[in-house]
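Notes follow once the structure below has been shown.
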Amino acid sequence: MSRRIVNGVPAPSWPMRVVKGLVLAVFCAAVVIPFVGVIATSVAPDRQIDEAGGLVLIPHSISLDAYRSLFAGGVVTRALGISVLVTVVGTLLSLTVSGLLAYALSRPGFVARRPLLLIVLFSMLFSPGMIPLYLVVKQAGLLNSIWALIVPTMVNAFNVIVLRAFFANLPGEIIESARIDGAGELRTFTSIVLPLSKAVLSVIGLFYAVGYWNAFFSALLYLDDSRLWPLQLVLRTYVINDTQLGSGELGTERLPPQAAIQMAILVVSIVPILLVYPFLQRHFTKGVLTGAVKG
Amino acid sequence: MQPISRRTLLGGGLAATAVAVTGTPLLTACSSGGADTAAANLAVKLPDHRPYQGVQPDLPGTDRVLAGFLKYPAHPVRAIHEKPGDGKPISFLTNIPGAIPPAENRNRFWQAMNDRLGSDLSISMASNDEYPKKFATRIAGGDLPDVLNIPPTTPELPALLKAKCRNLTEQLSGDAVHDYPFLANIPTEYWKGCVFNGGIYGVPVPRGMSRTSLPLYRVDLLAAKGIKNPAPKNFAEFLDLCTAMTEPKRHRWAWTKAPTAYVRQMFGMANQWKRSGDRFTTMYEDEANADALEATRKLVAAGVVNPDAFGDKASARKQWFNGGIAAFDLDSFVAWNQYYAENTAGDAFSVDMLDVPGFDGGLGKPWMGAALNNVTAFSTGSKHSTETLLKLANWMAAPFGTEEYLFRKYGVAGRHYTLHGSDPIPTKVGVVETGIGLQYICDSDLALYYAGRPEVPQRQHRIQQRIADRLVYDASYGLYSETMSRKWTQLTAVLLDVENQIVQGKQPVSAWRPAVKTFLSSGGTAMKSELAKAYAEAAKR
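Sequences listed follow chains A and B, in order. Count along the first sequence from 1, then add 10; that gives the number in my numbering. Count along the second sequence from 1, then add 44; that gives the number in my numbering.
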């Protein structure tokens with residue numbers, strides 16, 4: 011019996027299709043089951059979590075106690091708000107500053123182009139270290155301010171280089187024609203260059219946004235006021251540091267198990283990224299290509 | 045300001061340059077004169093111990109056994125009538141063991157406390173794991189709060205205290221401490237850990253017996269197997285007991301983790317450091333380690349330890365114990381109460397603690413818990429008077445049974461706890477809002493008590509009385525070794541790794557001796573000679 015032809019190629023035999031299906035199913039399960047475990051444990055009843063030793067896949071019933079405990083003190087809600095604020099404001103500022111810098115560095119006639127480029131590259135090769143950075147932030151008066159989460163990481167040299175490469179490869183004729191039409195540098199940049207660079211700006215924006223969203227260490231060092239702590243620092247306190255919800259030694263009303271709280275806060279921190287990611291995913295590929303072929 | 049030459053900058057002098065640029069000393073500023081002098085420390089007259097008599101416990105304490113209370117006194121004594129604060133804000137840097145509490149503007153406990161203190165307490169907090177990084181950065185940045193929680197393992201501690209903190213000897217030495225009656229209520233032993241550079245440089249946050257760790261066991265689970273009052277007389281009986289509590293098919297194991305420390309106690313090994321004459325040796329050098337590791341390996345091979353024990357974290361252990369997956373957990377008196385607080389097994393849930401038998405019979409030697417959680421020091425740059433800060437510490441050290449203790453630990457009646465008889469039962473809001481790290485400013489000795497479960501302090505008191513005379517102390521307590529302050533954590537982590545490999549059967553027991561040799565050559569020998577020198581200096585006095 012001859013095999014069916016699909017797009018000019020013989021279709022795989024049914025045993026091969028079964029094998030491929032099984033392999034794919036195993037891979038899918040490996041990816042999906044941890045997510046299911048996280049969500050299921052966050053809503054599982056206390057007793058079941060304790061008896062299962064910490065991770066539940068199919069909850070006997072649904073309990074939202076962990077989420078209630080998380081949001082009760084207002085700490086997580088506030089931290090979520092801070093993270094969103096830092097991510098949005100930080101990304102916008104980073105894009106603005108990085109874009110302007112990269113455009114300047116991409117223009118052939120700019121006098122200080124070379125020394126400025128060297129300074130940018132220098133920051134890629136040598137990081138200042140924790141304590142000198144702390145001293146700079148302190149002397150800039152940024153301690154205990156939300157700006158301490160934004161300003162020190164506002165410009166990333168790698169992102170500037172990628173943007174510069176993109177700008178430098180824009181057709182010179184377009185920019186020249188803008189000049190002939192009487193546009194100045196700023197006008198050329200905002201009306202011609204930026205609209206042509208939406209893809210790369212989306213990618214760089216996403217890089218910055220993910221960076222701001224995931225940052226916790228600067229908050230740990232620079233912020234004493236826990237009202238300003240972003241979600242990732244709160245998340246880390248619960249999950250990585252294995253912190254108990256309460257001191258507990260005094261005896262108390264029942265609190266949800268630690269595993270449920272940890273999983274609930276994981277869900278809370280994943281949701282915003284899950285909501286945004288599908289809309290931006292395609293740009294990630296473009297970003298990688300941009301960085302790969304233009305240097 | 046000194047000019048920075050290109051050569052200085054490129055010559056690797058970046059750290060020094062940072063100091064030159066900012067004028068702010070980094071950690072290196074504290075490292076000069078790092079050696080502490082034992083003789084000068086011994087010359088310090090420690091604060092007198094004058095026990096507070098205002099509250100009488102149901103189960104009396106001794107210098108080792110903690111006092112116990114079957115219920116909270118119905119009429120708590122108001123012990124301090126004057127507000128300790130001076131009206132100006134006091135800043136405090138600390139770790140916190142629990143969840144992040146709501147900030148002051150949304151935390152009614154914090155607000156009420158500020159009102160009682162007469163000064164607003166501004167607390168900069170970090171979780172336990174991240175505190176050392178935050179602490180080191182703040183110190184290096186020269187950005188110190190008024191009150192600092194200093195972990196005893198801080199590197200170059202004497203130099204740091206000398207450079208940045210106040211010498212409190214004049215206010216606390218001998219009977220001067222009587223001006224602060226609840227600091228005087230802290231036993232003298234704890235103050236030894238606060239003496240550096242020939243002075244008292246902080247107030248202690250005492251732990252000691254409350255941190256003594258022995259096997260906690262689930263009375264209810266053992267009873268279900270027909271085992272009551274377990275008291276193995278030697279290792280063989282202990283192994284039998286563990287085997288009886290293990291049913292892997294039902295996902296049940298005896299232990300949450302390999303009880304290596306417990307087996308070492310069966311062999312009567314040292315609690316970290318042992319002194320013989322003027323010679324110091326670590327527990328790791330003891331020849332009995334080979335037998336102890338072999339015995340623990342036997343336990344692991346017998347399958348009595350949860351197979352995930354070597355990978356999971358403390359919260360997983362606690363979950364196994366609470367969920368009945370494991371019947372034994374090696375932990376302290378503090379954890380004992382925590383288990384009651386977190387249990388999901390209902391009223392049947394019941395915990396007790398095993399004594400240590402000798403390996404071949406007789407009695408083992410339990411290890412006394414570390415004396416201090418931390419030392420609390422006052423910054424030299426603080427605008428507050430030393431008296432104000434000591435009054436604050438005194439307020440925080442008011443003991444169990446006082447009205448101040450009730451407020452400090454439980455908060456405001458109605459919102460943070462409800463009264464069942466005279467026992468305060470914390471609410472969920474109470475647990476979260478009160479967890480702002482006050483216990484690390486200063487604290488009284490822990491009292492044995494569990495609201496509504498009088499059998500808990502009774503059991504705790506009973507086991508403490510039983511082990512009190514056999515407790516083994518760490519001989520290095522109160523002596524300073526520079527190398528130990530810098531390398532102990534790092535080097536013992538390597539040994540722990542080898543130990544875990546051995547008990548899991550991944551390396552032979554013979555791997556232990558070379559590991560200890562490496563430990564000694566990498567710093568262990570230096571620690572030994574520094575401790576011996578410190579002790580000899582002290583002995584001369």
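Backbone N, C-alpha and C define an ideal beta-carbon position, used for all residues, glycine too. Being a predicted model, the structure only gives us computed values, none of them experimental.
In terms of alpha-carbon separation, which member of the options lies closest to residue i?
i	options	result
Ala491 of chain B	B:Gly522, B:Asp513, B:Tyr517 and B:Leu450	B:Leu450
Gly246 of chain B	B:Val349, B:Ala123, B:Pro202 and B:Trp364	B:Pro202
Gly243 of chain B	B:Ala421, B:Lys277 and B:Thr340	B:Ala421
Val395 of chain B	B:Tyr384, B:Gln545, B:Ile194 and B:Gly405	B:Tyr384
Val560 of chain B	B:Tyr328, B:Lys272 and B:Ala267	B:Tyr328
Arg246 of chain A	A:Ile190, A:Ala54, A:Leu276 and A:Tyr232	A:Leu276
Cys486 of chain B	B:Asn418, B:Ser429 and B:Asn158	B:Asn418
Pro118 of chain A	A:Ala175, A:Ser236 and A:Ala193	A:Ala175
Report buried or exposed for residue i, applying the criterion of at least 16 other Cβ atoms within 10 angstroms of its Cβ.
i	result
Glu214 of chain B	exposed
Phe282 of chain B	buried
Gln268 of chain A	buried
Asp190 of chain B	buried
Pro162 of chain A	buried
Trp24 of chain A	exposed
Tyr113 of chain A	buried
Val342 of chain A	Examination of residue 342 of chain A is not possible in this model, given that chain A is present from 11 through 305 alone.
Arg219 of chain B	As written in the sequence, residue 219 of chain B is Asp, which differs from the Arg given in the question. Exposed, since its Cβ has fewer than 16 Cβ neighbours within 10 Å.
Gln508 of chain B	buried
Asn229 of chain B	buried
Keeping to the same chain, check which residues put their C-beta closer than 7 Å to that of residue i; ignore five residues upstream and five downstream.
i	result
Leu206 of chain A	Leu180
Val311 of chain B	The question names Val, yet the displayed sequence has Phe at residue 311 of chain B. Around Phe311 of chain B: Ala332, Asp335, Ala336 and Phe403.
Arg361 of chain B	Thr300, Lys301 and Asp373
Ala229 of chain A	Leu159, Trp239, Pro240 and Leu243
Glu448 of chain B	Ala123, Ile124, Trp439 and Ala442
Three-state secondary structure (DSSP) at residue i?
i	result
Val29 of chain A	helix
Arg14 of chain A	coil
Ala332 of chain B	coil
Arg108 of chain B	coil
Trp299 of chain B	strand
Phe136 of chain A	coil
Ile141 of chain A	helix
Cys74 of chain B	In this prediction, Cys74 of chain B has a pLDDT of 43, which is less than 50 and means its spatial position is unreliable; what the coordinates show is noted afterwards. Note: Cys74 of chain B maps to helix in three-state DSSP.
Thr478 of chain B	coil
Trp239 of chain A	coil
Val231 of chain A	Per the sequence presented here, residue 231 of chain A reads as Leu, with Val not at that position. Here Leu231 of chain A sits in helix by DSSP.
Val473 of chain B	helix
Arg319 of chain B	strand
Arg262 of chain B	strand
Val88 of chain B	coil
Ile190 of chain A	helix
Pro202 of chain B	helix
Thr197 of chain B	coil
Ile134 of chain B	strand
Asn417 of chain B	strand
Cys238 of chain B	helix
Ser359 of chain B	helix
Asn149 of chain B	helix
Thr256 of chain B	coil
Using a Cβ-Cβ cut-off of 8 Å (strictly less than) and excluding sequence neighbours within five positions of residue i, which residues of its own chain qualify?
i	result
Leu105 of chain A	Leu211, Ile214, Gly215 and Tyr218
Tyr494 of chain B	Asn381, Tyr384, Val500 and Pro501
Ala346 of chain B	Leu283, Cys286, Thr287 and Thr290
Can you give me the Cβ contacts of residue i inside the same chain, cut-off strictly under 6 Å, excluding the 5 residues immediately before and after it?
i	result
Ser488 of chain B	Ala441 and Pro443
Leu575 of chain B	Phe324, Ser520, Leu523 and Ser525
Ile156 of chain A	Leu238
Arg319 of chain B	Ala519
Thr87 of chain A	Phe81
With a cut-off of 8 Å, does the C-beta of residue i fall near any C-beta of chain C?
i	result
Ser359 of chain B	The structure shown contains no chain C; the protein chains it does contain are A and B.
Residues of the segment 187-198 of chain B with a CB closer than 9 Å to any CB of chain A: list them in chain order, please.
-> Asp187 and Pro189
For the segment 456-470 of chain B, enumerate the residues whose C-beta is nearer than 7 Å to any C-beta of chain A, in chain order.
-> Ile469 and Pro470
Please name the residues in the segment 341-355 of chain B whose beta-carbon is closer than 9 Å to at least one beta-carbon of chain A, in chain order.
-> Asn350 and Asp352
Chain A contacts from the segment 363-374 of chain B (Cβ-Cβ distance under 8 Å) = Gln363, Trp364, Asn366, Gly367, Gly368 and Ile369
The segment 140-161 of chain B: positions lying closer than 9 Å to chain A by Cβ | Ile140, Pro141, Gly142, Ala143, Ile144, Pro145, Pro146, Ala147, Glu148, Asn149, Arg150 and Asn151
Of all the residues that make up the segment 473-501 of chain B, which are near chain A by a beta-carbon distance shorter than 9 Å?
-> Val473, Gly474, Val475, Val476, Glu477, Thr478, Gly479, Gln483, Leu490, Tyr493, Tyr494, Ala495, Gly496, Arg497 and Val500
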